[in-house]
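Trainee: Next up is a structure, given as structure tokens.
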Amino acid sequence: MLKNQRLLGFVLVLLSSLGFSLAPTFSKRSYESGANTVGVLIVRFTVAAVLMLLIRQFSSGQRVWPQPRLMLQLFLLGAFGYSGAAFFYFTAIENMSSGVSIVIWYIYPVFVVLIGWALFKTKPKRQTIFSLVSAMIGVAITVGQPGNATTKGVILILLSSLSYTFYTLSGSRAFKKTDLYTGVTFVMAGAATAFWMYWLLAPSTTPVLFPHHMVGWLWIGALALFATVLSTATLFAGLKILGPNTTSVVNTVEPVLNIVAGILFLNEVFSVQQAVGAVFVVGALVYLGVHETRSQPPVVLQ
């Protein structure tokens, strides 16, 4: 029974990674229908917030609403942290390969360690430093080939990674005070509100564009449902079975799936040099995740 449960946990986390890896495909298809980044993300996070609220309300167990101060904190995490990470990333992939983008984006563990070291005095272990150096080498190899990425695109991806770092560091404390479904509901609501405010306040020179055709709306719907809500729900379900450490190792398949999706559905070309860079990055993530799993007892979220 225990083996079957763990197998179910692995399947759930893999399904989550698959869903998240399809996000660039769904967004790029919606761009082809006339939408732009903000238009896509307004719909994505609005739908996601509503669906996450419904999942929270009808999932098993009594869930207590957090204190108002924590609600506000989670809301602001979405409005300024998660929304920023999404905006920079989805803007970058408008004119950039999703495979290259995701490899660069996964430099964020470097930012997490360095900022955590600077702010919280959490000195990284030797194995962590080795993994981070490997990840940086992989990113350098990936973007080093001419034509792989534009300077603007790389800067946007790094800004997304940095935004996600601050979201991760801040959220790690806030999420400990409430259940994950409640936390994510407020984060999604905050992100949706941020993009609605942008639409209302943005100057006419930076319009918010929505799809011109029904198929574009369907792609955004798929982004919200499969690459946001269901991916989040299956991630949390798998996390409850496997614990955070094993889950982090399984999640390292996500950039690989992202690259494969780009090749299959977006006709992207992934060179040998890019593949070598991806191996360095993914290998570093696996090594770091395995080391953390061995050095820390698993924690099962209730």
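With our numbering, letter number 154 in the sequence shown gets 137, and the count goes up by one each step, no holes. Idealized CB from N, CA, C, for every residue including glycine. Note that the coordinates shown come from a computational prediction; the quantities given were computed from them, not determined experimentally.
Does DSSP put LYS11 in a helix, in a strand, or in coil?
Mentor: Note: LYS11 maps to helix in three-state DSSP.
Trainee: Once the 5 residues before and after TYR89 are set aside, which same chain residues still bring their CB inside 6 Å of it?
Mentor: So the qualifying residues of the chain are PRO238 and VAL264.
Trainee: Going by CA-CA distance only, name the one from SER231, VAL83, VAL(-6) and GLY67 that's closest to PHE178.
Mentor: Out of SER231, VAL83, VAL(-6) and GLY67, GLY67 has the C-alpha closest to the C-alpha of PHE178.
Trainee: Give me, in chain order, the residues of the same chain whose beta-carbon lies closer than 8 Å to that of LEU59; leave out the 5 immediate sequence neighbours on both sides.
Mentor: Excluding sequence neighbours, LEU59 sits near GLY173.
Trainee: Closest by CA to LEU268, which one among THR229, PHE253 and GLN256?
Mentor: Residue THR229 is the option with its Cα nearest to LEU268.
Trainee: Have a look at GLY2, SER155 and VAL83 and flag the residue whose alpha-carbon is nearest the alpha-carbon of GLY204.
Mentor: That would be GLY2, whose Cα lies nearest to the Cα of GLY204.
Trainee: Counting C-beta neighbours from all protein chains within 10 Å, is the total for PHE28 16 or more, i.e. buried, or is it exposed?
Mentor: With 16 or more Cβ atoms within 10 Å of its Cβ, PHE28 is classed as buried.
Trainee: Taking the continuous alpha helix (DSSP H) assigned at ASN241, which residues delimit it?
Mentor: That run of the alpha helix (DSSP H) goes 237 to 248.
Trainee: Have a look at GLY82 and VAL33 and give me their C-alpha separation to the nearest angstrom.
Mentor: Cα-Cα distance, rounded: 30 Å.
Trainee: Quick one: measure Cβ to Cβ for LEU115 and VAL96, integer angstroms, because I've assumed they're closer than 8 Å.
Mentor: Indeed, because the Cβ distance is near 6 Å, the residues count as touching under 8 Å.
Trainee: Indicate the three-state DSSP secondary structure (helix, strand or coil) for VAL283 in the structure shown.
Mentor: Residue placement at VAL283 is poorly supported in this model, since its pLDDT is 36, which falls under 50; the coordinates still yield a value, given next. Note: VAL283 maps to coil in three-state DSSP.
Trainee: Taking just the CA atoms, how far does LEU5 sit from PHE193?
Mentor: Answer to the nearest angstrom: the Cα atoms are 20 Å apart.
Trainee: Can you tell which of GLY22, SER231 and LEU206 has the C-alpha that lies nearest to the C-alpha of ALA185?
Mentor: The shortest Cα separation from ALA185 among GLY22, SER231 and LEU206 belongs to GLY22.
Trainee: Could you say which of ALA18, GLY17, SER80 and GLN50 lies nearest to PHE253 if we only look at CA atoms?
Mentor: Here the closest residue by C-alpha is SER80.
Trainee: Buried or exposed: where does ASN(-13) fall if 16 or more other Cβ atoms within 10 Å of its Cβ makes it buried?
Mentor: Its Cβ having fewer than 16 others within 10 Å, ASN(-13) is exposed.
Trainee: Give the secondary structure of TYR89 by DSSP, where H, G and I count as helix, E and B as strand, and everything else as coil.
Mentor: Note: TYR89 maps to coil in three-state DSSP.
Trainee: Considering just the uninterrupted stretch of the alpha helix (DSSP H) at LYS135, what are its terminal residues?
Mentor: Segment 134 to 157, the alpha helix (DSSP H) holding LYS135.
Trainee: Under 8 Å between the Cβ atoms of PRO92 and ALA118?
Mentor: Yes. Within cutoff.
Trainee: What did DSSP end up calling LEU5 once you bin it into helix, strand or coil?
Mentor: It is coil, neither helix nor strand.
Trainee: Would you please state the rounded distance, in angstroms, between the beta carbons of PHE70 and LEU145? I believe it to be under 8 Å.
Mentor: Not really, about 13 Å apart at Cβ, beyond 8 Å.
Trainee: PHE(-7): which of THR148, GLY226, VAL198 and VAL137 sits nearest, CA to CA?
Mentor: Of THR148, GLY226, VAL198 and VAL137, the residue nearest in Cα terms is GLY226.
Trainee: Quick check on this structure: which residue in ARG109, PRO190 and ALA62 has the alpha carbon closest to the alpha carbon of LEU271?
Mentor: Closest option to LEU271, Cα to Cα, is ARG109.
Trainee: Beta carbon of TYR65, beta carbon of ILE140: below 8 Å?
Mentor: In this structure, ILE140 does not lie closer than 8 Å to TYR65 by Cβ.
Trainee: Take MET171 and list the residues in its own chain whose beta-carbon comes closer than 7 Å to its own, dropping the five residues that flank it on each side.
Mentor: So the qualifying residues of the chain are PHE28, ALA31, ALA32, MET35 and GLY61.
Trainee: For VAL243 and GLU251, what's the separation of their Cα atoms in angstroms?
Mentor: For VAL243 and GLU251, the distance between alpha carbons rounds to 9 Å.
Trainee: Straight-line CA distance for HIS195 to PHE209?
Mentor: Taking the straight line joining both Cα atoms gives about 22 Å.
Trainee: Could you check what DSSP says for VAL252 in three-state terms: helix, strand or coil?
Mentor: Looking at VAL252 - three-state DSSP - the assignment turns out to be coil, as it is neither helix nor strand.
Trainee: Using a Cβ-Cβ cut-off of 7 Å (strictly less than) and excluding sequence neighbours within five positions of SER153, which residues of its own chain qualify?
Mentor: If we look at SER153 and ignore the five residues flanking it on each side, its Cβ neighbours are LEU60 and GLY64.
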